[in-house]
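Here the protein sequences line up with chains A and B, keeping their order.
The first sequence begins at 158 in the working numbering and counts up by one.
The second sequence begins at 75 in the working numbering and counts up by one.
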Amino acid sequence: GQQVQQSPASLVLQEGENAELQCNFSTSLNSMQWFYQRPGGSLVSLFYNPSGTKHSGRLTSTTVIKERRSSLHISSSQTTDSGTYLCALEKGNTGKLIFGLGTTLQVQP
Amino acid sequence: DPKIIQKPKYLVAVTGSEKILICEQYLGHNAMYWYRQSAKKPLEFMFSYSYQKLMDNQTASSRFQPQSSKKNHLDLQITALKPDDSATYFCASSRGTGGQNTLYFGAGTRLSVL
Chain A
158 GQQVQQSPAS
168 LVLQEGENAE
178 LQCNFSTSLN
188 SMQWFYQRPG
198 GSLVSLFYNP
208 SGTKHSGRLT
218 STTVIKERRS
228 SLHISSSQTT
238 DSGTYLCALE
248 KGNTGKLIFG
258 LGTTLQVQP
Chain B
75 DPKIIQKPKY
85 LVAVTGSEKI
95 LICEQYLGHN
105 AMYWYRQSAK
115 KPLEFMFSYS
125 YQKLMDNQTA
135 SSRFQPQSSK
145 KNHLDLQITA
155 LKPDDSATYF
165 CASSRGTGGQ
175 NTLYFGAGTR
185 LSVL
């Protein structure tokens, strides 16, 4: 089975609403990263978050290693937030990331 | 300006042919990677290189061969192409490997094998 499970698979919001994206992993890890994949395909790093809570503008990432989960909170969503959010865990020391399938977010005006 | 350049952006190939996907990074990073994204599948790790040396290879087929002529180059040669190889191939880089390294991705090369 997949080592990284993301939920929900898709989400539709009205602009201004908040979103909570979940990432659960079934294996031990070195770290957790969140990425945003634009509709055109390129990926942008949002957070490197091995544990605890990190903030960046309207985004908050919280990773709880003991519970094998990480979450991404988007507050006051905007149409430009639309796209796919991917979480990935790092195992070993070769830089290998294992990705989830992502959450596709659509923010409507 | 993009700091990780992948060429070409789109590529159409005939089954059985050979293609080379180009990747150059201008971030001064020491580690480079290739990932593949196929429809309905997670982004899949293929190779990692550090200081031009292979660190990890998760690709079962020898038809996929990374080539590193310089520290900031990691090309991907694919031989005997099959329709199942159709995917978007992403190059990435990081300062190092082994933890605490954010990955930066290129825009990808979308490969279609007919």
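For every residue, glycine included, the Cβ atom is placed at its ideal position computed from N, Cα and C.
Neighbour flag for residue i against chain A, beta carbons, 8 angstroms
{"i": "T171 of chain B", "result": "yes"}
{"i": "Y84 of chain B", "result": "no"}
{"i": "N146 of chain B", "result": "no"}
{"i": "N104 of chain B", "result": "no"}
{"i": "S122 of chain B", "result": "yes"}
{"i": "S143 of chain B", "result": "no"}
{"i": "T176 of chain B", "result": "yes"}
{"i": "F138 of chain B", "result": "no"}
{"i": "D190 of chain B", "result": "Only positions 75 to 188 of chain B appear in this structure, which leaves residue 190 of chain B out of reach."}
Minimum Cβ-Cβ distance from residue i to chain B less than 8 angstroms
{"i": "Q190 of chain A", "result": "yes"}
{"i": "N181 of chain A", "result": "no"}
{"i": "T184 of chain A", "result": "no"}
{"i": "S199 of chain A", "result": "yes"}
{"i": "Q250 of chain A", "result": "The sequence given here places Asn at residue 250 of chain A; Gln does not occur at that position. Interface residue, yes."}
{"i": "L178 of chain A", "result": "no"}
{"i": "G209 of chain A", "result": "no"}
{"i": "S213 of chain A", "result": "no"}
Separation of residue j from residue i, as counted between CA atoms
{"i": "L186 of chain A", "j": "S228 of chain A", "result": "16 angstroms"}
{"i": "H103 of chain B", "j": "S143 of chain B", "result": "15 angstroms"}
{"i": "M120 of chain B", "j": "C180 of chain A", "result": "22 angstroms"}
{"i": "A166 of chain A", "j": "L203 of chain A", "result": "19 angstroms"}
{"i": "S218 of chain A", "j": "A154 of chain B", "result": "43 angstroms"}
{"i": "N131 of chain B", "j": "H212 of chain A", "result": "34 angstroms"}
{"i": "P140 of chain B", "j": "S167 of chain B", "result": "14 angstroms"}
{"i": "Q162 of chain A", "j": "R195 of chain A", "result": "20 angstroms"}
{"i": "N250 of chain A", "j": "A105 of chain B", "result": "12 angstroms"}
{"i": "L185 of chain B", "j": "S136 of chain B", "result": "18 angstroms"}
{"i": "P266 of chain A", "j": "T184 of chain A", "result": "39 angstroms"}
Neighbour-count burial assignment, residue i, 16 or more Cβ in a 10 Å radius
{"i": "L101 of chain B", "result": "exposed"}
{"i": "A134 of chain B", "result": "exposed"}
{"i": "S122 of chain B", "result": "buried"}
Are at least three pairs of beta-carbons, each pair with one atom in the stretch 108 to 127 of chain B and one in the stretch 75 to 85 of chain B, less than 8 angstroms apart? no
Would you call the stretch 109 to 118 of chain B and the stretch 145 to 161 of chain B touching, i.e. three or more CB-CB distances under 8 angstroms? yes
Taking contact to mean 3 or more Cβ pairs, one atom from each stretch, closer than 8 angstroms, check whether the stretch 231 to 244 of chain A and the stretch 144 to 151 of chain B are in contact. no
Cβ contact check for the stretch 199 to 216 of chain A and the stretch 83 to 94 of chain B: 3 or more pairs under 8 angstroms: no
Could you tell me which uninterrupted beta strand (DSSP E) segments, each at least 3 residues in length, are contained entirely in the stretch 109 to 150 of chain B, listed from first to last along the chain? 118 to 124, 127 to 131, 138 to 141
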